[in-house]
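K.L.:
I have a structure here, written as structure tokens, and I will follow up with some questions on it.
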Amino acid sequence: METKFNVFEVLQIAGKIEYDGAKFYLKTAQLLDDPELRNIYYELANWKAKHVKMYARMRREFSEKTGEFGTFDPDNYVLSHPRVMAGLAVFTKKPVSVKGLTGRGGKEEILKDAIGRAKEATIFYQGLKGFARDPASEDALDKIIREESRHIHLLTEEFKQR
Numbered sequence: 003m004e005t006k007f008n009v010f011e012v013l014q015i016a017g018k019i020e021y022d023g024a025k026f027y028l029k030t031a032q033l034l035d036d037p038e039l040r041n042i043y044y045e046l047a048n049w050k051a052k053h054v055k056m057y058a059r060m061r062r063e064f065s066e067k068t069g070e071f072g073t074f075d076p077d078n079y080v081l082s083h084p085r086v087m088a089g090l091a092v093f094t095k096k097p098v099s100v101k102g103l104t105g106r107g108g109k110e111e112i113l114k115d116a117i118g119r120a121k122e123a124t125i126f127y128q129g130l131k132g133f134a135r136d137p138a139s140e141d142a143l144d145k146i147i148r149e150e151s152r153h154i155h156l157l158t159e160e161f162k163q164r
């Protein structure tokens with residue numbers, strides 16, 4: 003049996019990844035004493051939280067337009083629980099550098115870690131395209147990949163300014 007995700011499920015996976023990212027950045031911010039570095043993590047968390055809302059809105063619009071909500075298949079756990087796929091993504095590991103948590107690595111280490119995570123997310127979403135059920139699902143993934151690529155660009159530009 004082949005697992006294929008529809009737009010709703012793709013957006014559910016992306017929303018969960020963004021939620022995990024926001025939670026990760028908030029928890030990391032709380033570990034820092036330096037207010038400037040803590041604020042960078044708060045900004046990253048805020049960025050992720052905005053995406054959670056954006057993907058939820060897109061899911062709602064998709065469901066209203068098509069009447070599709072997702073799939074429940076008792077014989078296919080992953081298809082019935084697309085959030086499981088999100089657990090395979092980028093925010094399941096600790097920061098690249100412990101120095102970033104102590105503040106000794108500074109903004110550069112934080113940005114390098116965030117860029118690396120955005121690149122990993124892009125790779126994950128590109129791989130997920132192989133599980134897209136239809137062209138609409140592929141289009142949703144293309145939009146998500148473009149957004150991650152935009153993050154990489156913005157974070158890279160910020161890194162270059164340091």
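Following my numbering, the numbering of the sequence shown begins with 3 at its first residue and continues without gaps.
Think of the CB as a built atom: it goes at the ideal place given N, C-alpha and C, for glycine as much as any other residue.
The structure presented is a predicted model; accordingly, all values stated were derived computationally and were not measured.
1. Can you check which of these residues, K50, D136, L34 and L113, is closest to V180 by C-alpha distance?
2. Keeping to the same chain, check which residues put their C-beta closer than 7 Å to that of Y143; ignore five residues upstream and five downstream.
3. For N8, count the other beta carbons within 10 Å of its own beta carbon; 16 or more makes it buried, fewer makes it exposed. Which is it?
4. Could you give the distance in angstroms between the alpha-carbon of A47 and the alpha-carbon of Q14?
5. How long is the line joining the alpha carbons of E63 and G69, rounded to whole angstroms?
6. On a Cα-Cα basis, can you pick out the residue from T124, K162, R148 and L113 that is closest to Y27?
7. Whose C-beta lies closer than 8 Å to the C-beta of E38 among residues of the same chain, with five residues either side of it excluded?
8. Quick one: residues in its chain with C-beta nearer than 6 Å to the C-beta of A31, no 5 flanking neighbours on either side, listed in chain order?
9. Between V54 and the rest of its own chain, which residues show a CB-CB distance below 6 Å, the 5 nearest in sequence each way excluded?
10. Kindly list the residues whose CB is nearer than 6 Å to the CB of M60, restricted to its own chain and excluding five residues on each side of it in sequence; keep chain order.
11. Using 8 Å as the threshold, is the C-beta distance between E150 and A120 below it?
12. Between the alpha carbons of K6 and D36, how many angstroms are there, rounded?
13. Check the DSSP bridge columns for A134 and list the partner residues they point to.
P.N.:
Put simply:
1. What is shown of the chain runs 3 to 164, which leaves residue 180 out entirely.
2. Position 141 of the sequence shown, counted from the first residue, corresponds to residue 143. As written in the sequence, residue 143 is Leu, which differs from the Tyr given in the question. Here L143 has V12, Y127, L130, K131 and A134 as same chain residues with Cβ atoms under 7 Å from its own Cβ, once five neighbours each way along the sequence are excluded.
3. As a working mapping, residue 8 is identified with position 6 in the sequence shown. Burial is judged here by how many other beta carbons sit within 10 angstroms of a residue's own beta carbon; N8 has at least 16 and is buried.
4. Against the sequence shown, residue 47 aligns to sequence position 45. Against the sequence shown, residue 14 aligns to sequence position 12. Using only the alpha carbons, I get a separation of about 18 Å.
5. Here residue 63 is taken as the residue at index 61 of the sequence shown, counted from 1. Here residue 69 is taken as the residue at index 67 of the sequence shown, counted from 1. In a straight line, the C-alpha of E63 is about 10 Å away from that of G69.
6. Within the sequence shown, residue 27 is the residue found at index 25, counting from 1. Minimum Cα distance to Y27 is reached at L113.
7. Start at 1 with the first residue of the sequence shown, and residue 38 comes out as number 36. Cβ neighbours of E38 beyond the five flanking positions: K109.
8. The residue you call residue 31 lines up with position 29 of the sequence shown. Counting only Cβ-Cβ distances below 6 Å, and skipping sequence neighbours, we find R40, Y43 and Y44.
9. Taking the first residue of the sequence shown as 1, we reach residue 54 at position 52. Only G17, E20 and Y21 meet the Cβ criterion.
10. As a first step, residue 60 must be located in the sequence shown, where it is residue number 58. Correct list, in chain order: L13.
11. The residue labelled residue 150 in the question sits at position 148 within the sequence shown. The residue labelled residue 120 in the question sits at position 118 within the sequence shown. The Cβ atoms of E150 and A120 lie closer than 8 Å to each other.
12. One-based indexing of the sequence shown puts residue 6 at position 4. One-based indexing of the sequence shown puts residue 36 at position 34. Distance from the CA atom of K6 to the CA atom of D36, rounded to whole angstroms, is 45 Å.
13. Start at 1 with the first residue of the sequence shown, and residue 134 comes out as number 132. Answer is F7.
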